[in-house]
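The UniProt record's numbering numbers the first residue of the sequence shown as 1 and each following residue consecutively.
First up is the structure itself, then whatever we jot down about it.
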Amino acid sequence: MWKEVGDRSLPVLSILMATIGAVTGVVGATAGVVQAVSQATQVFWQPLRVTLSDNVEEIRDALNEAVQVLGSVRKDFETEVENNKTKVPSRTYVEWRRRVLEIDGQVKDIIAKYNKESKEEKSFWFSSPCPDFREEMKKMHEKVIDLWQVSNEIREKMLVDHAPEPVIKRDGPDIRKFETLRKPLEKILDWLKRYKVKGIGIYGTVGIGKTTVMLNLNNHDQVATMFDIVIWLTVSKEGSKENLKRENLLLALAQRLKLTMTGTSNADEVAQRIRTELKGKRYLLLLDDVKEYLSLNEIGIPFSNNGSKIVLTTRLRHVCNNEMVDKSIKVAYLSPDESWKMFQDVLGSKKLIEDLRIGPLAWQVCRECSGLPLLIEKVANTFKLKNTESLWSDGLNSWRMWPSQECKGIREMYELLRFCYNELGDDRYKKCFLYGALYPEDSDIHVDSLLECWAAEDLLGDGNDVRVRVMIGDIIMTGLKNVSLLEEGKSDYHVTMHKFIRQVALYISEDHPELKHLVETNKELREPPDEEYWSNKNRISLGDNELDRLPDSPDCSILSTLFLQNNLGLEIIPPAFFEHMINLRVLDLSHTGITSLPPSISILSGLKVLHLNNCQQLVELPSNIVELVNLESLDIHGSGITNIPPHIETLIFLKRLWVSFGNGNATQDVSFNYDMISKLSRLEELVIDVKSPQQWTNEVVEKAIKEVATLRKFKRLKVCISNRIVDVIEVAPMTVRILVPEATILMSYIKRSLWGVVKRIGPFRFFVGCQKSEYLQNPHFVRYKKYVKYCNGAGSNTPILEVLAEAEGFELVNHKDIKQLSDFGTANMNKIQGCLIESCDAIEIIMDTVGSELLPNLEQLFIKNLPMLKSIWKEGPVQPGSLTKLTTLVVSGCQILVKFFPLGAIQQLREIRYLKIEKCDEVEDIILEADAVGNLPVLPKLKELILIDMAKLSSICAIESLEWPSLEKLEIFGCPSLCRLPFNKGNSTYLERIEAEQEWWGALQWQNQEYKEGLQNLCVFR
């Protein structure tokens, strides 16, 4: 058979080889060429699969030809690899090529050796070729054929995608020169190193630099060493439906991970493929522009406990308040110096800045950007092409007049903010936002005042249910802050609107058919706008100017809001000024120099909000103030009026009154007209501005509480001392909140108020003696509807007991002399579910075991910094029913506590799930050996055990056979004397995680080294 085809094979082979040479010599092999060659060789090689003859020379020739063709296929493959830079050779191909090169070398060696020996032997007439070559060359021929046979499969698997790079660097500005942007980056880098931080949120308004911070995070050298892979996803797709958004994210993830998803159209299958690929990897997921909660599971991001992190950017602050985010940081506006530095960097021309004609104009242009990085970039890029003073001046004027004049460079910013406005959806949100633009630029707007104005203008609904309006107002305020259209002001009681956002709001207002605004603020106006501009306006704002007069009687029949605040030169209001303002609802004359109100004030029968605060020359209200029959809010604090004016008792709809108490002279007696308070039957909130803290005595508090306690609609008594607002009484829609300096004053409220009703239907929160801390000491207690915090008290015979008997949550802080909690009477604490005892220097024991059951409903007990605490309760049997519901026990900073659980006491604590002991230096054992022996299980439901900074702790439990049937997490730090753990192969099967110091773990003693190695897989070292 071989002889029959042997003679014909050479021409065919030559043609084939010539064809291969011609094709490969043109442009280089392609996948199609390789396939054609492979198919051609399949036809030719078919006859060569027969058994070879025994002729050594014929075997040699066949082997030589076979290895040449195999080499041609190899070279074609190599050319294909060389020409395809987007992929890399597969491991299969690399191994196949190695074997081809190896066999090629072996064939050359054996043929050379055969030819040499054959030549030498032919010199002897009796010689014949050595038979040893025959079998060896046959075997090599078989190997060549085998390698050729798999070449088709190799071709299909020859190239694969590059493995995904750990980090793909992204273009972005360098922020190292800008501290305002650099500090959030440094904080985030620090958080990424903390094991407990899983997710980080970066929030702020449009264009503030959130994405820029995250770009610098993506590119940071530290990040590349901390994670196996960094994945960037831009989440927001405006107008995308939910399912389309998911598909886009899945596609982006699959591309980033270089997953081949051919033939897979099911989103769940793609998500599972991504999940499998990321499993075990330490990833950093960067999510840009998140606008709502994102289900990571739906896009294949696995929950990981291996140090993987998520960082997201959002302009919606509430997005940071979800399970994805543990820490959040707000990006602030650039300082003026930083803005100027960035402006110059983008401008890129020192020559322009150094030009004495252009430099000052450039500074003004930069100031108009108000520290907004994206705006600075766009405006600077626009102005960099202007090289003359006239072009800069014209550009500045256009910039100030946009959008009435098109100003290239800021249109995109305007559209972005306009989109944020449109996205508000609800008209109430939009109208309330636009109302905020009436306030002068850079104003710190008092939250309560703004809410009052919204309500007065019926922007919160026109119903009479005040609680509903307050709730709606709070929701809208929170919503506008969440989307960064309003921002936190100088305190928790103020908000502000960024200059550029305010300007956008004013331009939107101009196009709104219902809004006819005249806004001229911060313009140093000495004269008011001509009267013709006042007519047909429903809101006018002329605040923060230098007005010294007003028009006599402007035609303002539809005017509902008038802002004239901060015009100190305004001393006289014309007598008939208000004559044509019958529909006025909001009037702000604060911080003006007026000495009196004009007679026409009586025309304003529909007025609801009147601000006269800080009008220091105004020493009394006119008698015709009684004509303001619909007035709901009156603010006269900081004015020359230092008491409650007697004739306001006729203002029957007055709900909020802000007044000043005293005149700054601490020694002078004050007549405050307390009896006026109880005559304002609809009063809901009284705010008292105390000019001298020494005048705000307990007697004054008691008098105020005595009066407000008789008012059935009263909700809030606030005191402002040294610019700090303290809620003394707050009856929120669902909670009575009382903050009083001493327990004795509490009786004034209990005796004179509707305490019986409050006690019966609750909820309530009492803060007694908490002069500077009117917040929950323990955030876990927010769940309790009836709560008492008692600070700086003395003795146990206190009015607090009547309130305590109804309470669910109780915090005792800085008590001076009681020695045990049960001194307050165990019966008075039967309803307590959560209890915190902190910094009570005299307490020696928490509970006496004598008498009735102890704390039968207690679920959470926190004991902190009790320097004299000897025991949680006395030795001896505990009454049945005591502490049977306790699930959380935390003890910290008790320096002389020796026995954590007295003998026998631990058997009562069968429900404990969380146990933390910290900084108790004298504790040596957690569970006594005697308690661990017997048939009753110990702490059978304990899931989490945390031991921190316990210098003498040497044993958790001496009995290693003790069962831990529910324990899932163990955390131990700073316990150098603890050398053994009470675990063996079978007693802690549910243990999932151990957090500890690696050095301490390495020094532990074990009876079974194999079990140590098993547990080490659960360890997270810090």
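Beta carbons: idealized from backbone N, C-alpha and C, even for Gly.
**Message:** Pull the bridge partners of residue 1021 from the DSSP assignment, please.
**Reply:** The bridge partners DSSP lists for residue 1021 are 996.
**Asked** So, using beta-carbon positions, are residue 893 and residue 916 closer together than 8 angstroms?
**Response** Residue 916 is positioned such that its CB atom lies no closer than 8 angstroms to that of residue 893.
**Whole-number beta carbon distance between residue 562 and residue 597, since they are thought to touch under 8 angstroms** = About 13 angstroms; that fails the 8 angstroms criterion.
**Prompt:** Relative to the alpha-carbon of residue 418, which residue among 471, 483, 382, 443 has its alpha-carbon at the smallest distance?
**Reply:** Distances from the CA of residue 418 to each of 471, 483, 382, 443 were compared; the closest alpha carbon is that of 483.
**Distance, residue 59 Cα to residue 114 Cα** = Spanning the two alpha carbons is a distance of roughly 11 angstroms.
**Request:** Please state whether DSSP places residue 560 in a helix, a strand or coil.
**Result:** Coil.
**Message:** Buried or exposed for residue 509, going by 16 or more other Cβ atoms inside 10 Å?
**Reply:** With 16 or more other Cβ atoms within 10 Å, it is buried.
**Request:** Would you list the one or two residues that DSSP bridges to residue 873?
**Result:** Partner(s): 847.
**Asked** Would you report the Cα separation of residue 552 and residue 542, rounded to the nearest angstrom?
**Response** Rounded to whole angstroms, residue 552 to residue 542 spans 16 angstroms at the Cα level.
**Prompt:** With DSSP run on the structure shown, which of helix, strand or coil describes residue 473?
**Reply:** Taken through DSSP and simplified to helix, strand or coil, residue 473 comes out as helix.
**Asked** Which of helix, strand or coil does DSSP assign to residue 945?
**Response** Strand, per DSSP.
**Distance between residue 97 and residue 143 (C-alpha atoms, nearest Å)** = Rounded to whole angstroms, the separation of the alpha carbons of residue 97 and residue 143 is 13 angstroms.
**Request:** Assign residue 642 to one of two classes, buried (16 or more other C-beta atoms within 10 Å of its C-beta) or exposed (fewer than that).
**Result:** Answer is buried; the Cβ neighbour count reaches 16.
**Request:** Ignore the nearest five residues each way along the sequence and tell me which others in residue 150's own chain have a CB closer than 8 angstroms to its CB.
**Result:** Same-chain partners within the cutoff: 96.
**Request:** Within 10 angstroms of the Cβ of residue 335, are there 16 or more other Cβ atoms? Answer buried if so, exposed if not.
**Result:** Label assigned to residue 335: exposed.
**Prompt:** Between the Cα of residue 842 and the Cα atoms of 231, 869, 187, 861, which residue gives the shortest distance?
**Reply:** The option with the nearest alpha carbon to residue 842 is 869.
**Message:** On the CB-based measure, 16 or more other CB atoms within 10 Å of its CB, does residue 225 come out buried or exposed?
**Reply:** Classification for residue 225: exposed.
**Request:** May I have the straight-line CA-CA distance separating residue 293 from residue 323, to the nearest angstrom?
**Result:** The alpha-carbon atoms of residue 293 and residue 323 are separated by roughly 9 angstroms.
**Request:** Use the C-beta contact count for residue 169: other C-beta atoms within 10 angstroms, 16 or more gives buried, fewer gives exposed.
**Result:** Answer is exposed; the Cβ neighbour count stays below 16.
**Asked** Do residue 593 and residue 571 have their C-beta atoms closer together than 8 angstroms?
**Response** Inclusion of residue 593 and residue 571 in the CB contact set at 8 angstroms is warranted, their separation being smaller than that value.
**Message:** Quick check: residue 928 and residue 901, are their CB atoms within less than 8 angstroms of each other?
**Reply:** At the C-beta level, residue 928 and residue 901 come within 8 angstroms of one another.
**Asked** Considering only the beta carbon of each residue, do residue 437 and residue 506 sit closer than 8 angstroms?
**Response** Closer than 8 angstroms, so yes.
**Message:** Would residue 380 and residue 343 be called neighbours here (beta carbons separated by less than 8 angstroms)?
**Reply:** Yes, these two residues count as a Cβ contact at 8 angstroms.
**Request:** Can you check DSSP and say which residues form a bridge with residue 313?
**Result:** According to DSSP, residue 313 shares a beta bridge with 202.
**Item:** Simplified DSSP assignment, three categories, for residue 820
**Value:** DSSP places residue 820 in strand when its eight states are reduced to three.
**Run of the beta strand (DSSP E) containing residue 493, from where it starts to where it stops** = Premise fails: residue 493 is in no beta strand (DSSP E) and is neither H nor E.
**Message:** Quick check on the DSSP output: the beta strand (DSSP E) that includes residue 972 runs from which residue to which?
**Reply:** Where residue 972 is concerned, the enclosing beta strand (DSSP E) stretches over 969 to 973.
**Request:** Pick helix, strand or coil for residue 331, following the three-state DSSP scheme.
**Result:** In the displayed model, residue 331 falls within coil according to three-state DSSP, outside both helix and strand.
**Request:** Could you check the C-alpha separation between residue 199 and residue 332 for me, to the nearest Å?
**Result:** Taking the CA atoms as reference points, residue 199 sits about 20 angstroms from residue 332.
**Request:** Flag this pair as yes or no: are the beta carbons of residue 213 and residue 315 separated by less than 8 angstroms?
**Result:** No; because the gap between Cβ atoms is not below 8 angstroms, this pair is not in contact.
**Item:** CA-to-CA distance, residue 800 to residue 579, given in whole angstroms
**Value:** So the alpha carbons of these two residues sit roughly 55 angstroms apart.
**Prompt:** Under three-state DSSP, which class holds residue 838?
**Reply:** Residue state for residue 838 is assigned as strand, using DSSP reduced to three classes.
**Message:** If contacts are defined as beta-carbon pairs under 8 angstroms, then residue 231 and residue 286 qualify, I think. What distance do you get, rounded to the angstrom?
**Reply:** Between residue 286 and residue 231 the Cβ distance is about 7 angstroms, and since that is below 8 angstroms, they are a contact.
**Prompt:** So, are the CB atoms of residue 924 and residue 952 less than 8 angstroms apart?
**Reply:** The criterion of a C-beta distance shorter than 8 angstroms is satisfied by residue 924 and residue 952.
**Item:** Whole-angstrom distance between residue 64 and residue 70, CA atom to CA atom
**Value:** Rounded to the nearest angstrom, the gap between the Cα atoms of residue 70 and residue 64 is 10 angstroms.
**Asked** Which residue from 567, 56, 948 puts its Cα closest to that of residue 132?
**Response** It is 56.
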